[in-house]
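What follows is a single structure, written as C-alpha cells, with notes after it.
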Amino acid sequence: MCYDAVIFDNDGVLTRPTLLEVEREAVRRAFSEFDVDPTTEAIDGVIHGGLTRLRRICRIHDIPADEFWASHEAHAAAMQRECLENGTKPLYKDVGALDDLDHPLAVVSNNQHETIEHILDVYDLTDRFEVAFGREPTVEGARVKKPNPHYIQRAMNELGVENALYVGDSNVDVVAATRAGIDSAFIRRPHRDGYQLAADPTYELDSLDELSAVC
Numbered sequence: 003m004c005y006d007a008v009i010f011d012n013d014g015v016l017t018r019p020t021l022l023e024v025e026r027e028a029v030r031r032a033f034s035e036f037d038v039d040p041t042t043e044a045i046d047g048v049i050h051g052g053l054t055r056l057r058r059i060c061r062i063h064d065i066p067a068d069e070f071w072a073s074h075e076a077h078a079a080a081m082q083r084e085c086l087e088n089g090t091k092p093l094y095k096d097v098g099a100l101d102d103l104d105h106p107l108a109v110v111s112n113n114q115h116e117t118i119e120h121i122l123d124v125y126d127l128t129d130r131f132e133v134a135f136g137r138e139p140t141v142e143g144a145r146v147k148k149p150n151p152h153y154i155q156r157a158m159n160e161l162g163v164e165n166a167l168y169v170g171d172s173n174v175d176v177v178a179a180t181r182a183g184i185d186s187a188f189i190r191r192p193h194r195d196g197y198q199l200a201a202d203p204t205y206e207l208d209s210l211d212e213l214s215a216v217c
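The numbering used here applies: residue 3 is where the sequence shown begins, and numbers increase by one.
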C-alpha cells in the first residue's frame, strides 16, 4: 500500500512508556496543591478512568476539575522531562528506521503536548516530524484524546493528506485510526506481550524496521 504520510503514537512506539509510579506521583502532587491525601483508587482513577470518573473524584474532594487537571498536566510534563533527562524514558533503538521512510511524518500522542515537544527536542527529532500533537493541558484536550480521532485528523489536515498510516501500540490507537478512516499498524513491543487486541489492525509489527515494507 502506498501512503501519503505516516503518523506515530509516541509512548510505546518512539519512546518507552512512562513508568506508572511517575504517573501516580504527578497525580499526588496535583492533589497536594488542594490539600488532599488521595487513595490509590483515586490516583489510578485519574490516570485510567476517563473524564467522567475524573469529575466524580474531583466532586468527592470538592476540587474544581479544570484547575485540578491543569495542575496535573503541569506536574506530569515536568516529571516526564526529568525522566528524559535521567534516562528513564529512552528512545527505542529502531526509531532510526524512520530515516528509511520517504514520507511526511507526524506524531499524535495522548501524552501532553509539552511532553511531546520535550521528547522531540531531547532526542533531536524536531526536524524529522512535520507535525506533532499531544493533548492540550485542559479538560477539553483530554476529552478529545484517542480513541477520538480529533488529533489524528488535525495532523492529516495540517499535512494536507487523506491516506495516512497510523502506528501505535494499543487498542485506542487502532480504534482512533479506524475512526479517522485510515489504516493502522500495531507494534507489539515487549510490554505488549500477550496484549489482546479488540479490533484488527491493518498490520501487526514486531519492530519499526518492518515499516518500510508496508509503506
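Every residue, glycine too, gets a C-beta built ideally from N, C-alpha and C. Values in this document were obtained by computation on a predicted structure and should not be read as measured data.
Spell out a yes or no on whether the stretch 144 to 163 and the stretch 176 to 195 are touching, meaning 3 or more CB-CB pairs, one atom from each, closer than 8 Å. Taking 8 Å as the limit for Cβ pairs, the verdict is that the stretch 176 to 195 does touch the stretch 144 to 163.
Please state whether the Cβ-Cβ distance between F131 and H115 is less than 8 Å. The answer is no: Cβ separation not under 8 Å.
Please classify L233: does DSSP put it in a helix, a strand, or coil? Residue 233 falls outside the range modelled here, since the chain spans only 3 to 217, and no answer is possible.
Put A200 into one of helix, strand or coil per three-state DSSP. Here A200 sits in coil by DSSP.
Residues near R145 by beta carbon distance below 7 Å, same chain, minus five either side: The beta carbon of R145 sits closer than 7 Å to those of L53, all from its chain and outside the five residues before and after it, given in chain order.
Answer with buried or exposed for D126, where buried requires no fewer than 16 other C-beta atoms within 10 angstroms of its C-beta. D126 should be labelled exposed.
Cβ shell of L21 (< 7 Å), same chain only, five flanking positions each side left out: So the qualifying residues of the chain are T90.
Taking 8 Å as the threshold (C-beta atoms), are A79 and T128 in contact? Not a contact, by the Cβ cut-off of 8 Å.
Look at the alpha carbon of H193 and the alpha carbon of D171, and state the distance between them as a whole number of angstroms. When rounded, the distance between both Cα atoms is 9 Å.
Whole-angstrom distance between I49 and R26, CA atom to CA atom: R26 and I49: Cα-Cα distance of roughly 8 Å.
Could you tell me how far apart the beta carbons of G14 and R191 are, in whole angstroms, since I believe they sit closer than 8 Å? About 6 Å; that satisfies the 8 Å criterion.
Tell me the rounded alpha-carbon separation between L93 and V133. Each residue's Cα considered, the two are about 19 Å apart.
If contacts are defined as beta-carbon pairs under 8 Å, then N165 and A201 qualify, I think. What distance do you get, rounded to the angstrom? With a Cβ gap of about 20 Å, N165 and A201 do not count as contacting.
Report the option in R61, A157 and I184 whose CA atom is closest to the CA atom of F36. Closest option to F36, Cα to Cα, is R61.
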